[in-house]
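K.L.:
Below are the structure tokens for one structure; questions will follow.
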Amino acid sequence: MSSFNDLGLSDELLNAISDAGYTEPTPIQAQAIPYVLMGRDILGCAQTGTGKTASFTLPMIDILASGKAKARMPRSLILEPTRELAAQVAENFEIYGKYHKLNHALLIGGENMSEQLKVLEKGADVLIATPGRLMDVFDRGHLLLRDVKILVIDESDRMLDMGFIPDVEKIVSLLPPMKTTLLFSATMPPEIKRLADKFLMNPKEITVSKPATAAETIKQSLVMVTGAGRDQASVAKRKREILRKLIEREQPKNAIIFCNRKRDVDVVYRSLQRHGYDMAARLHGDMVQSVRMETLAKFKAGEVNLLVCSDVAARGLDIPAMSHVFNFDVPTHSDDYVHRIGRTGRAGRDGVAISIAVPADGKYIDGIEKLMTKPIPRDEMSSGGGPSDAAAKDGKDADTDGGSDESRSGGSSRGRGRGRGRGGRSEKTEAPVDAAAETAPDQDADAEDAKAQDAQPDSSPDDQPDNQGDKQDAKPSRGRSRGGSRGKDRSRDRDDTDKQEKPGRQDKKDDVVFGQSDQVPAFLKNFP
30 MSSFNDLGLS
40 DELLNAISDA
50 GYTEPTPIQA
60 QAIPYVLMGR
70 DILGCAQTGT
80 GKTASFTLPM
90 IDILASGKAK
100 ARMPRSLILE
110 PTRELAAQVA
120 ENFEIYGKYH
130 KLNHALLIGG
140 ENMSEQLKVL
150 EKGADVLIAT
160 PGRLMDVFDR
170 GHLLLRDVKI
180 LVIDESDRML
190 DMGFIPDVEK
200 IVSLLPPMKT
210 TLLFSATMPP
220 EIKRLADKFL
230 MNPKEITVSK
240 PATAAETIKQ
250 SLVMVTGAGR
260 DQASVAKRKR
270 EILRKLIERE
280 QPKNAIIFCN
290 RKRDVDVVYR
300 SLQRHGYDMA
310 ARLHGDMVQS
320 VRMETLAKFK
330 AGEVNLLVCS
340 DVAARGLDIP
350 AMSHVFNFDV
360 PTHSDDYVHR
370 IGRTGRAGRD
380 GVAISIAVPA
390 DGKYIDGIEK
400 LMTKPIPRDE
410 MSSGGGPSDA
420 AAKDGKDADT
430 DGGSDESRSG
440 GSSRGRGRGR
450 GRGGRSEKTE
460 APVDAAAETA
470 PDQDADAEDA
480 KAQDAQPDSS
490 PDDQPDNQGD
500 KQDAKPSRGR
510 SRGGSRGKDR
520 SRDRDDTDKQ
530 EKPGRQDKKD
540 DVVFGQSDQV
550 PAFLKNFP
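Count along the sequence shown starting at 1, add 29, and that's the number in the numbering used here.
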């Protein structure tokens, strides 16, 4: 099939597709849409960037065009592992359902629940939800699921990674037996096959690419960190230096920089900001949902071109023309590598994925290469003016030097004077920088790295049940100031917290009693 006209979709839907600028369906759309319209169960294995979302939203719009939802009784249910993915699916219904009068509701953490419940009360033809928030709403008696005719379990392997499968099984048990079930996964581990056998009845199996493979249009490479010693802080510094060198060399139009831990997202983001990359932003699960959505909107609009994030965004971004992906940390799960680099090289476009690795990452690299069935080419950065080993031996720390990276490495001057364009640094990096002011923030960053050296990487850093989303997102951050400096006006409560978190640190005035001054209570005067 070479046209959407051949798939059996309504004229109204075809007009909406044309308005969105699409003319030909992707392979998974061409294969899945006719079977969904027939009411057949689907088991789809497709990597990110294949148009999978439209393969179920388009036929659902036509199927639900007739009929009307009752209050608190949705007619269809779509389960997504993350808030961003749920919001992306909701956006698809808005784009393609513009000529239909369908109501859709979104149940995700980090948003006002009362507003979400108001939409449910009016009747939702489509309910898009994360498992945790949906179970929370159901347990409160605000939701009935006995009228669901279509169930979509999207990114089921990610659901497995995040521990949502028990919730998913509970939700499925609450649904009527007579329904159409669509299960999609980027990979097909044994646990997902077991779920498919349990949930699906005589499904149509669709595989549009080999499971756990990256698009051939993605140029992959691996940079090994050497000469940094065994000290965790030194290794982290060298990795940040290499990252900046890669950005200078590659000049990405837009790029995602993945870290394994939320803590490292903040450290890398602040480091980029200090070195003049003022079009950088960050994204992780501790951010309030409205801020996360605003950051994503800026990234999609091009107002931000470097996005430092944890795996929360690995499957939640839909940027067709993403030029680069940088893995600041090698993912600890091989499947996550495929999901991360799948953000680039989409829809037949060329993409670049570069990973920064340390010797301790060897077992993770072996797992990735085994999954990919081929080695990742090594990048010695010979043509990009890599980090200067001589400078490292002389004790010069590139991460605390306010000068230009190019001037330190002796590399080419490519990218200078470009201001904010294509990942380049703004002109403020050429201005004189006070050495003390520049050094202090990086000392803080190194301290954070040192404290985190024994911490386990977050295999799913933002994967907490969404029924805790409101509480988590509302909790104020207790890290040091966003500006990167320690600050001179910390409150006494903050100092007390620091002491509790660092039991090995002692104040020089431990023997002094504060708060009484010379006003000694009378009962104390009676003591010998």
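The beta-carbon is built from N, C-alpha and C at its ideal position, and this holds for glycine as well.
Every value quoted in this text rests on a predicted model; they were computed, and no experiment measured them.
Taking CB distances under 8 Å as the criterion, tell me whether Thr216 reaches chain E.
P.N.:
In summary, chain E is missing from the structure at hand, where a single protein chain is found.
K.L.:
Per DSSP, Ser105 is paired with what?
P.N.:
Residue numbering aside, residue 105 sits at position 76 when the sequence shown is read from its first letter. Ser105 pairs with Ile179.
K.L.:
By DSSP, does Ala115 sit in helix, in strand, or in coil?
P.N.:
Position 86 of the sequence shown holds residue 115. Ala115 falls in the helix class under three-state DSSP.
K.L.:
Terminal residues of the continuous beta strand (DSSP E) containing Ala158?
P.N.:
Within the sequence shown, numbered from 1, the residue matching residue 158 stands at position 129. Looking at the DSSP string, the run of the beta strand (DSSP E) that includes Ala158 is 155 to 158.
K.L.:
Buried or exposed, going by whether 16 or more other CB atoms sit within 10 Å of the CB of Ser32?
P.N.:
To locate residue 32, count along the sequence shown from 1; it is residue 3. Per the 10 Å Cβ criterion, exposed.
K.L.:
My understanding is that Phe357 touches Val264, with C-beta atoms under 8 Å, so please give their C-beta distance in whole angstroms.
P.N.:
As a first step, residue 357 is located in the sequence shown; it is residue number 328 there, counting from the start. As a first step, residue 264 is located in the sequence shown; it is residue number 235 there, counting from the start. Taking a contact as a CB-CB distance under 8 Å, the pair Phe357 and Val264 does not count as one, their CB atoms being some 12 Å apart.
K.L.:
Run through DSSP, which three-state label would Met89 get?
P.N.:
Sequence index remark: in the sequence shown, residue 89 carries index 60 (1-based). Looking at Met89 - three-state DSSP - the assignment turns out to be helix.
K.L.:
Straight-line CA distance for Phe193 to Met164?
P.N.:
For the purposes of this step, residue 193 is taken as the residue at position 164 of the sequence shown. For the purposes of this step, residue 164 is taken as the residue at position 135 of the sequence shown. Phe193 and Met164: Cα-Cα distance of roughly 11 Å.
K.L.:
Assuming contact is defined by CB atoms lying nearer than 8 Å, are Leu72 and Ala215 in contact in what I supplied?
P.N.:
Your numbering for residue 72 matches position 43 in the sequence shown. Your numbering for residue 215 matches position 186 in the sequence shown. Ala215 sits away from Leu72, with the two beta carbons spaced by 8 Å or more.
K.L.:
With a 10 Å radius around its C-beta and 16 neighbouring C-beta atoms as the bar for buried, classify Asp186 as buried or exposed.
P.N.:
The count along the sequence shown starts at 1 and reaches residue 186 at position 157. The residue is buried, with at least 16 neighbouring Cβ atoms inside 10 Å.
K.L.:
Skipping 5 residues on each side, what residues in its chain have a beta carbon closer than 6 Å to that of Leu173?
P.N.:
Locating residue 173 in the sequence shown gives position 144, counting from the first residue. Arg101, Met102.
K.L.:
Would you report the Cα separation of Pro388 and Ser363, rounded to the nearest angstrom?
P.N.:
As a first step, residue 388 is located in the sequence shown; it is residue number 359 there, counting from the start. As a first step, residue 363 is located in the sequence shown; it is residue number 334 there, counting from the start. If I take the Cα positions, the gap works out to 17 Å.
K.L.:
Please list the terminal residues of the continuous beta strand (DSSP E) segment that includes Glu150.
P.N.:
By one-based count along the sequence shown, residue 150 stands at place 121. Taken as a continuous stretch (DSSP letters only), Glu150 belongs to no beta strand (DSSP E), being part of the alpha helix (DSSP H) at 142 to 151.
K.L.:
Quick one, are the C-beta atoms of Glu113 and Leu325 less than 8 Å apart?
P.N.:
Looking up residue 113 in the sequence shown gives position 84. Looking up residue 325 in the sequence shown gives position 296. Cβ atoms of Glu113 and Leu325: closer than 8 Å.
K.L.:
Tell me whether Ile397 sits in a helix, a strand or coil according to DSSP, three-state version.
P.N.:
Walking along the sequence shown from the start, residue 397 turns up at place 368. Here Ile397 sits in helix by DSSP.
K.L.:
Report, in whole angstroms, the separation of the C-beta atoms of Thr159 and Ile182, which I expect to be a contact under 8 Å.
P.N.:
Here residue 159 is taken as the residue at index 130 of the sequence shown, counted from 1. Here residue 182 is taken as the residue at index 153 of the sequence shown, counted from 1. Going by Cβ atoms, the distance from Thr159 to Ile182 rounds to 12 Å, so no, they are not a contact pair.
K.L.:
Per the DSSP calculation, Leu336 is bridged to which residue(s)?
P.N.:
Along the sequence shown, read from residue 1 onward, the residue named residue 336 stands at position 307. Its beta-bridge partners are Ile285, Ala310.
K.L.:
In terms of residues, what are the limits of the alpha helix (DSSP H) holding Met322?
P.N.:
Within the sequence shown, numbered from 1, the residue matching residue 322 stands at position 293. Run containing Met322: 318 to 330, per the alpha helix (DSSP H) assignment.
K.L.:
Give me, in chain order, the residues of the same chain whose beta-carbon lies closer than 7 Å to that of Gly374; leave out the 5 immediate sequence neighbours on both sides.
P.N.:
The residue labelled residue 374 in the question sits at position 345 within the sequence shown. Ala244, Thr246, Ile247, Gly380.
K.L.:
Going by C-alpha to C-alpha distance, which of Asn44, Thr242, Leu212 sits closest to Met230?
P.N.:
Reading the sequence shown from its first residue, position 201 is the one you call residue 230. The candidate whose alpha carbon is nearest that of Met230 is Leu212.
K.L.:
Under a three-way DSSP split, which group does Thr82 fall into?
P.N.:
Numbered from 1 along the sequence shown, position 53 holds the residue referred to as residue 82. Here Thr82 sits in helix by DSSP.
K.L.:
Using CA atoms only, rank isn't needed, just tell me which of Pro56, Glu198, Glu270 is closest to Leu82.
P.N.:
Taking the sequence shown and counting its residues from 1, one reaches residue 82 at position 53. In the sequence as presented, Leu is not what sits at residue 82; that position holds Thr. If we check each option's Cα against that of Thr82, Pro56 comes out closest.
K.L.:
Beta carbon of Ala386, beta carbon of Val201: below 8 Å?
P.N.:
Counting from 1 along the sequence shown, the entry for residue 386 is found at position 357. Counting from 1 along the sequence shown, the entry for residue 201 is found at position 172. No, they are not a contact pair.
K.L.:
By DSSP, does His362 sit in helix, in strand, or in coil?
P.N.:
As a position in the sequence shown, residue 362 is number 333, starting the count at 1. Of the three classes helix, strand and coil, the one that applies to His362 here is coil, per DSSP.
K.L.:
Taking only the alpha-carbon atoms, compute the straight-line gap between Leu170 and Leu149 and give it to the nearest angstrom.
P.N.:
As a first step, residue 170 must be located in the sequence shown, where it is residue number 141. As a first step, residue 149 must be located in the sequence shown, where it is residue number 120. Per the sequence shown, the amino acid found at residue 170 is Gly instead of Leu. Rounded to whole angstroms, Gly170 to Leu149 spans 12 Å at the Cα level.
K.L.:
So is Asp48 buried or exposed if we call it buried at 16+ other beta carbons inside 10 Å?
P.N.:
If you number the sequence shown from 1, residue 48 lands on position 19. By the 10 Å Cβ count, Asp48 comes out exposed.
K.L.:
For a test of the three-state rule: what should DSSP assign to Ala225, helix, strand or coil?
P.N.:
What you label residue 225 is simply residue 196 of the sequence shown in a count that begins at 1. It is helical.
K.L.:
Does the beta-carbon distance from Ser339 to His313 come in below 8 Å?
P.N.:
Locating residue 339 in the sequence shown gives position 310, counting from the first residue. Locating residue 313 in the sequence shown gives position 284, counting from the first residue. Contact: yes.
K.L.:
Pick out whichever of Ile90, Phe355, Asp390, Gly139 has its Cα sitting closest to the Cα of Arg273.
P.N.:
In the sequence shown, counting from the first residue as 1, residue 273 sits at position 244. When only C-alpha atoms are compared, the closest one is Phe355.
K.L.:
Would Leu275 pass as a contact of Met308 if the rule is Cβ separation under 8 Å?
P.N.:
Here residue 275 is taken as the residue at index 246 of the sequence shown, counted from 1. Here residue 308 is taken as the residue at index 279 of the sequence shown, counted from 1. No. Outside cutoff.
K.L.:
If contacts are defined as beta-carbon pairs under 8 Å, then Thr242 and Met401 qualify, I think. What distance do you get, rounded to the angstrom?
P.N.:
Locating residue 242 in the sequence shown gives position 213, counting from the first residue. Locating residue 401 in the sequence shown gives position 372, counting from the first residue. Indeed they touch by this definition, with Cβ atoms about 7 Å apart.
K.L.:
Leaving out five residues before and five after Pro205 in sequence, what residues of the same chain have Cβ atoms less than 6 Å from its Cβ?
P.N.:
Taking the first residue of the sequence shown as position 1, residue 205 is located at position 176. Correct list, in chain order: Arg175.
K.L.:
Would you mind reading off the limits of the beta strand (DSSP E) that contains Gln249?
P.N.:
Here residue 249 refers to the residue found at position 220 of the sequence shown. Counting along the chain, the beta strand (DSSP E) containing Gln249 begins and ends at 247 to 253.
K.L.:
Within 10 Å of its beta-carbon, does Met188 have 16 or more other beta-carbons around it, so buried, or fewer, so exposed?
P.N.:
Here residue 188 refers to the residue found at position 159 when the sequence shown is read from its first residue. Burial call: buried.
K.L.:
When the Cα of Lys127 is compared with those of Leu146, Ala94, Gly152, Leu135, which residue comes out closest?
P.N.:
Working through the sequence shown from its first residue, we reach residue 127 at position 98. Nearest C-alpha to Lys127: Ala94.
K.L.:
My assumption, with CB atoms under 8 Å, is that Val155 sits in contact with His133. Please give the rounded CB distance.
P.N.:
Numbered from 1 along the sequence shown, position 126 holds the residue referred to as residue 155. Numbered from 1 along the sequence shown, position 104 holds the residue referred to as residue 133. The beta carbons of Val155 and His133 sit about 4 Å from each other, so the pair counts as a contact at 8 Å.
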